[in-house]
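Trainee:
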Amino acid sequence: MHLPAELLYTKTHEWARREANEVVVGITSHAQEELRDVVFVELPKVGKTVKQGEAVAVIESVKAAFDIYAPVSGAVARVNDALVKSPQLINQDCYATGWMFTISPNDPGDVSNLMPSEEYTRQIEAGAH
Amino acid sequence: MMHKTALHERHRALGAKMTDFHGWEMPLYYTGILEEHAAVRQALGVFDISHMGQVLVTGADAVRTLNHVMVSDISQVGKHRACYTLMLNDTGGIIDDLIVYRIGEADYLVIVNCGNRTIDVEWLTAHRQGETAITDISQGRSILAVQGPLSSRVLEHMIDAKVAGLGRFEIAPIRTMGPDACLARTGYTGGDGFELFLPDHHAKRLWESILASGAKPIGLGARDTLRVEAGLRLYGTDMDATTSPFEAGLDWTVAMNKPAFIGKEALVRQRQQGLAKRLVGFELSQGPVPRTGMELLADVGGATRRVGIVTSGTFSPILKRPLGMGYVEPVFTAPGTVLTVIVRHQRYHGTVVKLPFWKGESAPPTLTGSNPPTKEFLSHAPPR
Chain A
42 MHLPAELLYT KTHEWARREA NEVVVGITSH AQEELRDVVF VELPKVGKTV KQGEAVAVIE
102 SVKAAFDIYA PVSGAVARVN DALVKSPQLI NQDCYATGWM FTISPNDPGD VSNLMPSEEY
162 TRQIEAGAH
Chain B
107 MMHKTALHER HRALGAKMTD FHGWEMPLYY TGILEEHAAV RQALGVFDIS HMGQVLVTGA
167 DAVRTLNHVM VSDISQVGKH RACYTLMLND TGGIIDDLIV YRIGEADYLV IVNCGNRTID
227 VEWLTAHRQG ETAITDISQG RSILAVQGPL SSRVLEHMID AKVAGLGRFE IAPIRTMGPD
287 ACLARTGYTG GDGFELFLPD HHAKRLWESI LASGAKPIGL GARDTLRVEA GLRLYGTDMD
347 ATTSPFEAGL DWTVAMNKPA FIGKEALVRQ RQQGLAKRLV GFELSQGPVP RTGMELLADV
407 GGATRRVGIV TSGTFSPILK RPLGMGYVEP VFTAPGTVLT VIVRHQRYHG TVVKLPFWKG
467 ESAPPTLTGS NPPTKEFLSH APPR
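Here the protein sequences come in this chain order: A and B.
Read the first sequence against the working numbering and you will find it ends at 170, with the numbers running on by one and no gaps.
Read the second sequence against the working numbering and you will find it ends at 490, with the numbers running on by one and no gaps.
1. In whole angstroms, give me the CA-to-CA distance for VAL449 (chain B) and PRO436 (chain B).
2. Comparing C-alpha positions only, which one of B:ILE217, B:GLY254, B:VAL260, B:VAL374 sits nearest to ILE240 (chain B)?
3. Entirely within the region 302-387 of chain B and at least 4 residues each: give me those alpha helix (DSSP H) ranges in chain order.
4. Does PHE81 (chain A) have its Cβ less than 8 Å from a Cβ in chain B?
5. Using a Cβ-Cβ cut-off of 6 Å (strictly less than) and excluding sequence neighbours within five positions of THR446 (chain B), which residues of its own chain qualify?
6. Please state whether DSSP places GLY151 (chain B) in a helix, a strand or coil.
7. Taking C-beta pairs closer than 7 Å, name the residues in chain A that GLY327 (chain B) reaches, listed in chain order.
8. At a CB-CB cut-off below 9 Å, which residues of chain A make contact with ARG187 (chain B)?
9. Just to make sure I have the definition right: I need the residues of chain A whose C-beta is within less than 9 Å of the C-beta of ILE139 (chain B). Which are they?
10. Can you name the residues of chain C whose CB is closer than 8 Å to the CB of GLY393 (chain B)?
11. Quick one: residues in its chain with C-beta nearer than 6 Å to the C-beta of LEU302 (chain B), no 5 flanking neighbours on either side, listed in chain order?
12. What residues in the region 405-421 of chain B bring their beta carbon closer than 8 Å to a beta carbon of chain A?
13. Could you say if the region 459-466 of chain B and the region 384-401 of chain B meet the contact criterion of at least three C-beta pairs nearer than 8 Å?
14. Determine the burial state of ASN62 (chain A): buried for a count of at least 16 other Cβ atoms within 10 Å of its Cβ, exposed for fewer.
15. Give the straight-line distance between the Cα atoms of GLY189 (chain A) and ALA145 (chain B), rounded to the nearest whole angstrom.
16. Taking 8 Å as the threshold (C-beta atoms), are PRO394 (chain B) and GLU75 (chain A) in contact?
17. Under 8 Å, Cβ to Cβ, is there at least one residue of chain A near ARG170 (chain B)?
18. Can you name, in chain order, every residue of its own chain whose Cβ lies under 8 Å from the Cβ of PRO45 (chain A), other than the five neighbours on each side?
19. Give every residue of the same chain whose Cβ lies closer than 8 Å to the Cβ of PRO239 (chain A), excluding the five residues on either side of it in the sequence, and list them in chain order.
20. Using a C-beta to C-beta distance shorter than 8 Å, which residues of chain A count as neighbours of TYR433 (chain B)?
21. So LEU403 (chain B) is in the beta strand (DSSP E); what residue range does that whole segment cover?
22. Give the C-beta separation of GLY414 (chain B) and GLY442 (chain B) to the nearest angstrom, bearing in mind that I take them to be a contact with Cβ-Cβ under 8 Å.
23. What separation, rounded to the nearest whole angstrom, lies between the Cα atoms of ILE396 (chain B) and PRO428 (chain B)?
24. Run down chain A in chain order and give the residues with a C-beta less than 7 Å from the C-beta of ARG453 (chain B).
25. Out of B:TYR135, B:LEU338, B:ASP202, point me to the one whose CA is closest to LYS104 (chain A)'s CA.
26. Quick one: residues in its chain with C-beta nearer than 8 Å to the C-beta of GLY236 (chain B), no 5 flanking neighbours on either side, listed in chain order?
27. Residues of chain B with a CB under 8 Å from the CB of VAL99 (chain A): which are they?
28. Out of curiosity, what's the CA-to-CA distance linking ALA469 (chain B) and LEU425 (chain B)?
29. Out of A:ARG59, A:VAL79, A:VAL125, A:HIS54, which one is the CA nearest neighbour of THR69 (chain A)?
30. Just confirm the distance between the C-beta atoms of LEU317 (chain B) and GLY198 (chain B), as a whole number of angstroms; I'd bet it's less than 8 Å.
31. CB-CB under 7 Å to ASP148 (chain A), same chain, minus the five flanking residues each way: which ones, in chain order?
32. Compute the distance between the beta-carbons of THR348 (chain B) and THR417 (chain B), then report whether it is under 8 Å.
33. Name the DSSP bridge partner or partners of LYS89 (chain A)?
34. Against chain A, with Cβ distances strictly below 8 Å, would TYR135 (chain B) count as a contact?
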């Protein structure tokens with residue numbers, strides 16, 4: 042399983058990356074493997090105010106729908122419109138072209154609640170037992 | 107303790123994600139639902155459906171019993187032919203949907219849904235006519251479904267029985283695999299395919315041979331997406347003991363000209379009184395997947411109101427759009443009618459279409475998937 046060391050992670054399997062004044066958000070390789078067969082993505086509206094830990098987007102696989110949570114509080118700055126036509130990008134390329142949205146954070150300190158890759162890896166391994 | 111099929115260890119070894127289906131631990135998928143779905147539509151897939159019940163109805167009055175209990179005219183089913191039919195309760199509700207195969211002069215093999223196996227056997231036993239024996243022969247036996255445009259070409263190399271020459275809804279014995287071993291040209295995918303009813307040890311061997319020929323193993327996930335695309339109802343989801351055959355859109359199975367069968371009076375009354383709801387298929391051009399229990403709305407004289415409920419839905423990997431089935435007031439079942447489905451408080455417009463959504467093989471068969479078989483696909487089939 043690929044978990045890039047430069048990213049930060051949530052307990053709910055999102056990844057986050059600081060990029061200029063925004064935080065880019067997607068789901069982890071572990072999450073996309075669990076979901077499989079992504080067929081629909083519901084993205085938040087640009088400008089929407091979101092709170093850390095709040096459900097802000099939805100990914101649907103063939104079998105079920107899953108909530109995606111905001112890793113930081115702030116305002117949605119950009120969304121990846123390519124996912125509307127090609128939701129399978131989440132399965133194919135979850136850390137790059139399969140990104141979901143960006144947030145302009147209110148408080149840069151929010152990222153301190155997120156996990157580095159080693160800690161997220163331990164969480165997944167613990168969950169597997 | 108979950109029930110396991112004879113192939114359980116094989117599924118594990120193939121890395122299948124397992125799921126609980128009515129108390130049976132069954133494969134949900136092996137590599138992914140979309141990939142498995144495509145394999146069945148374009149080439150070949152093999153399913154272990156041994157969770158389904160196999161019941162023999164035999165004896166001089168077997169056909170009388172079946173005609174009393176089933177809605178179809180079983181006396182019209184020729185030897186080595188099969189019939190999709192329904193079993194009703196006294197109020198006309200569907201106890202189960204099943205296939206009756208006439209495997210001998212007065213010998214019938216009835217394949218029932220796993221969740222209804224006990225109820226069905228009890229119901230058949232309680233209503234048997236004259237000299238009829240009802241025997242649940244599921245123990246020690248398996249069912250393999252071999253489905254896809256290549257199914258006939260591949261099975262012909264493996265089985266000593268009529269295969270390519272077998273017509274749709276025909277059944278033939280496989281004499282080399284013991285008594286009551288047979289294959290039928292039936293399935294739950296809407297495409298070409300076969301179902302094989304076998305003793306466990308033959309099923310295990312054949313499973314390996316079919317996989318070695320390049321077929322993909324298919325789980326219940328794709329079994330569901332395939333059947334929805336084909337407009338086939340699932341018992342317990344799209345119909346149950348409170349649904350009549352007319353409401354479920356299965357009028358064609360009912361022989362109302364039979365003098366009597368269980369549930370007939372109720373159906374006669376329902377036909378006089380009219381239906382309160384009827385099953386409909388609808389599709390969305392894009393958007394989320396309609397799922398069981400979601401509300402269906404329609405415009406009525408300028409106002410939008412609730413007219414029904416979704417029972418099944420999926421994303422069609424072949425048609426590339428969300429599909430659904432559900433029950434609505436009969437006035438909203440005409441093709442072209444706009445139905446609105448509510449998903450997470452948002453409204454998405456769909457259109458009623460005639461079932462099935464997918465109407466049969468179109469593209470020439472090719473072998474696809476992440477693990478493509480060799481080009482010697484067919485020549486590798488083991489000898490008979």
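The beta-carbon is built from N, C-alpha and C at its ideal position, and this holds for glycine as well.
Since this is a predicted model, take the numbers as computed values, not measurements.
Mentor: Quick answer:
1. 23 Å
2. B:ILE217
3. 306-318, 326-335, 370-379
4. By this cut-off, PHE81 (chain A) is an interface position.
5. Cβ neighbours of THR446 (chain B) beyond the five flanking positions: LEU403, ARG453, HIS455.
6. strand
7. Neighbours of GLY327 (chain B) on chain A, chain order: VAL103, LYS104.
8. Correct list: empty, because the minimum Cβ distance to chain A is about 35 Å.
9. Per Cβ cutoff of 9 Å: ARG77, ASP78, SER102, VAL103, LYS104.
10. Protein chains A and B are contained in the structure displayed, whereas chain C is not.
11. LEU250, LEU289.
12. Here the close residues are THR420, PHE421.
13. Contact between the region 459-466 of chain B and the region 384-401 of chain B is present, because at least three Cβ pairs lie under 8 Å.
14. Classification of ASN62 (chain A): exposed, given that the 10 Å Cβ count is below 16.
15. Here chain A covers residues 42 to 170 and nothing more, so residue 189 (chain A) does not appear.
16. Not closer than 8 Å, so no.
17. Judged by the 8 Å Cβ criterion, ARG170 (chain B) is not in contact with chain A.
18. TRP56, TYR136, SER158
19. With chain A covering only 42 through 170, there is no way to say anything about residue 239 (chain A).
20. Within chain A, no residue comes near TYR433 (chain B); the closest Cβ sits about 22 Å away, beyond 8 Å.
21. 401-406
22. Not quite, the Cβ-Cβ distance comes to about 16 Å (not below 8 Å), so this is no contact.
23. According to the sequence displayed, residue 396 (chain B) carries Pro and not Ile. Roughly 7 Å separates the two Cα atoms.
24. None at all; the shortest Cβ gap to chain A is about 13 Å.
25. B:TYR135
26. GLY165, ALA166, ASP167, ARG170, THR171
27. PRO394, ARG450
28. Caution is warranted here: a pLDDT of 49 is assigned to ALA469 (chain B), below 50, making its placement in the model unreliable, and the coordinate value is therefore given only provisionally. Roughly 13 Å between the two C-alpha positions.
29. A:HIS54
30. That pair is no contact at about 43 Å.
31. Within the same chain, ASP148 (chain A) has close Cβ partners SER114.
32. The criterion of a C-beta distance shorter than 8 Å is not satisfied by THR348 (chain B) and THR417 (chain B).
33. In DSSP, LYS89 (chain A) forms no bridge with anything.
34. Under the Cβ criterion of 8 Å, TYR135 (chain B) is counted among the residues facing chain A.
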